[in-house]
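At position 492 of the sequence shown (counting the first as 1) the number is 482 in my numbering, and the numbers step up by one without a gap.
Cβ coordinates follow ideal geometry from the N, Cα and C atoms, glycine included.
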Amino acid sequence: MREDWIECKLGEILTVSSGKGLSASKMEAGKFPVYGGNGISGYHSHFLFEDIKLIIGRVGAKCGVVHITQTNSWVTDNALVVNFKFKIPNLKFFKLLLEIENLNKLSNSTAQPVISGAKIYEYDILLPSLPEQRAIVKKLESLFSSLDAGVADLKKAQQQLKIYRQAVLKKAFEGELTNLKIENLVPIGQRVIVNPRPPKEGFDDDIECQFVPMKLVEALINKIHLEETAVFSTLKGKSYTYFETGDVIFAKVTPCMENGKIAVAKDLKNGVALGSSEFHVFRCNEELLNEYLFYFIIQDKFRSEAERAMTGAVGLRRVPKKFIEDYLIPLPAIKEQKEIVKQIESRLSVCDFIQQNIKEGLKKAEALRQSILKKAFEGNLLTAQELAACKQAADYEPAGVLLERIKAQQNKATAKPSKKKVAQPSVVAKTETPVAKISADIHAGLIVKVIKIHEENPTSIDNLSHIKCEKIAHLVEYHLQIPLGRQPVKDAAGPDDYPHLKKIEHRAKMANYFAVQKKDIGYSYSSAKNSDKAIEKIQSSISFKKNKQLDDLIALFLNFDLEVSEIIATTYAGWNNLILTGNANPSDEEIVYESRENWSERKLKIARERFFKAIEWLRKNEIVPTGYGDVVPFPKKKKS
């Protein structure tokens, strides 16, 4: 790394925030592009951002993919919007930088990958000066312009090869490649057995067979030699497709047909191969050469007619066996068939050679692109002359100076007010609805939701308690921003408003929403006759998205006992208190001190390490405070 570059964390130079959800029905009209992880996914009649934005795919297959939006665009909650902490950032530089850094690796490992802002903030990068950022982008664009032109030529050649292949096949079966006349037209079914039955002998018990994975049945003219297939025992009574050396394999199901999966089985070690039931298998008699049939059915003409003949439900359509049996094929003598195959292969072998060279060329082009990017973001792309020109720019300063300036601006923006000044109210945001107007039924409905989810998971029912419900209620009110009318204080058990909870319990008893049961320690709840009515009240009062967030939050707490729930809610409340009182980016140590030492003496009995783990859990699950609501104060009579 050069002396005027600096290593820093992304969180030191930028912040991210989620876009705003938008239903598909609202994207049917409008002129403003709507962006998600996949880029533009539609258009809308309004826009969220007037200026150009850098965005990062937040969830799913496009997690970590980077885009630059147009002006006047909308960004959905499938993407994170990047905001820089300094003026005039070079968006193209950071797009290329984040692409080569492959932020997808920061996502969790679940079936639905998600990337969090916390992980982005902790990611280390090398940062150059502003003029060098511009110079790097300019040189990359120049280099990539030539590279892209070469790639475009290679891809054009690929398309031309496909056209040439089909032209060769068309002429072959019209008799134009040889001096032979093809006069006989007979149905394929007269010369092949379609889906032949396996031999009865030896199939009463398990036998050793070769399994052909779908990925080995290559597209178009590639014939397969099944050396890589696995050998294993078949299971009696299972419905599989069996085939032998020389059989022609034709994929009959819609997704496979679209990929042109056709092959000739070669060199089967055990004589019988076990494949997927997604295939038709053609076994030719002595009058039809299997390779002649293979080349005939890889023609676009045959494949397009087969696709039109498909039957079945959308998404799982199949080429019927009858279509194959009735299809007409020109049939010369075996000698002439061999000559036609020879003529085809002599021409297509040249195509294969060129195709392989094109593939290698495309791989080399991509490798070269990655090599250039690597050099660029390690500080090794620009020449000494180009670097000297960067240092002459009016806005040149070493990256370390730029970073210190950013930090100074941030510290100034988040500085606590002087003690000499009149103290300002600590509240930054009020709840959306005045406390007095919030129906007790909404809070009761929340508790019933918690009860129902625990009752549906019997192994977690012992974890249910009124204290745990109060901790969930705090996160629902402060994190999901669903007003419940609570005014929590720093109770020994966490952020609690027990007088309010008593009113909710009384309302629930009167309306028969849920029942209160005394336990050895504290109280628990159980559902009652009108539980569903209470759930309907809260579900109808909030959006579909909020309902989903609410269910997800309750599910996260399902297996937590009272103490774990208490630690998490208290840590969240302490962290939020710090933000509300002016500390926008508190350290973990500050959060733990506020949530433990500055909360209640009872909290001192809990190991500090558990609060640090709670901070890690909150970040991992993207339950990070934003300074919403009121500060949770000590009660008027401070409890121990």
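Residues in the same chain with beta-carbon distance under 7 Å from residue i, minus the five sequence neighbours each way, listed in chain order, please.
i    : result
I178 : I314, E315, Y317 and I319
Y111 : K(-1), L0 and G1
I532 : I472
L12  : V24, H34, W64 and T66
D452 : none
Once DSSP output is grouped into helix, strand and coil, what is the label at residue i?
i    : result
A634 : The structure shown does not extend to residue 634, since the chain is modelled only from -9 through 630, so no value can be given for it.
F233 : strand
S429 : coil
V6   : strand
A108 : helix
G1   : helix
T301 : strand
G626 : Note that residue 626 is Lys in the sequence shown here, rather than Gly. Coil at K626, not helix or strand.
P121 : helix
D452 : helix
I197 : Caution is warranted here: a pLDDT of 46 is assigned to I197, below 50, making its placement in the model unreliable, and no coordinate value can be reported.
I494 : helix
D385 : coil
R592 : helix
I126 : helix
K480 : strand
L372 : coil
H270 : strand
D487 : coil
D114 : strand
V238 : strand
V254 : strand
V506 : strand
I462 : helix
Does the distance from the CB of residue i to the CB of residue j come in under 7 Å?
i    : j    : result
H270 : K312 : no
E553 : G484 : no
V479 : P623 : yes
R48  : N28  : no
N520 : N502 : yes
E467 : L491 : no
N573 : V621 : no
I462 : V440 : yes
L86  : D385 : no
L570 : G617 : yes
F272 : V309 : no
S585 : A482 : no
N73  : T5   : yes
I42  : V56  : no
S514 : F504 : no
V141 : A374 : no
Can you say whether residue i is buried or exposed, counting buried as having 16 or more other CB atoms within 10 angstroms of its CB?
i    : result
F343 : exposed
I324 : exposed
T560 : buried
K458 : buried
G9   : buried
G512 : exposed
S7   : exposed
A498 : buried
K508 : exposed
V340 : exposed
S97  : buried
H444 : buried
V632 : Residue 632 is absent from the model: the chain starts at -9 and stops at 630.
G619 : buried
S336 : exposed
N575 : exposed
G54  : buried
Between residue i and the rest of its own chain, which residues show a CB-CB distance below 8 Å, the 5 nearest in sequence each way excluded?
i    : result
L393 : I(-4), C(-2), E2, I3 and L117
K129 : A366, L371, L372 and E376
Q289 : Q156, L159, K160 and F163
A108 : R609, K610, E612 and V614
L175 : L318, I319, P320 and L321
R598 : V582 and R586
Skipping 5 residues on each side, what residues in its chain have a beta carbon closer than 6 Å to that of residue i?
i    : result
E122 : C380
K628 : In this predicted model, K628 has a pLDDT of only 48, less than 50, meaning its place in the structure is not dependable; the value taken from the coordinates is given anyway. Closer than 6 Å at Cβ, skipping near neighbours: no residue.
K77  : none
Y282 : Q327 and V331
Item to check | Contiguous beta strand (DSSP E) assignments of at least 3 residues, all confined to the region 17 to 101 | outcome: 22 to 26, 29 to 34, 44 to 47, 56 to 58 and 69 to 74, all fully within the region 17 to 101.
Checklist entry - What residue ranges within the region 508 to 560 form continuous alpha helix (DSSP H) runs of no fewer than 4 residues, ordered along the chain? => result For the region 508 to 560, whole alpha helix (DSSP H) runs of length 4 or above, ordered along the chain, are 521 to 531 and 534 to 546.
Item to check | Start-end ranges of the beta strand (DSSP E) lying completely within the region 142 to 186, minimum 3 residues | outcome: Taken in chain order, the complete beta strand (DSSP E) segments of 3 or more residues contained in the region 142 to 186 are 175 to 177 and 182 to 184.
Item to check | Ordered list of alpha helix (DSSP H) runs contained in the region 303 to 347, each at least 4 residues | outcome: The qualifying runs are 311 to 316.
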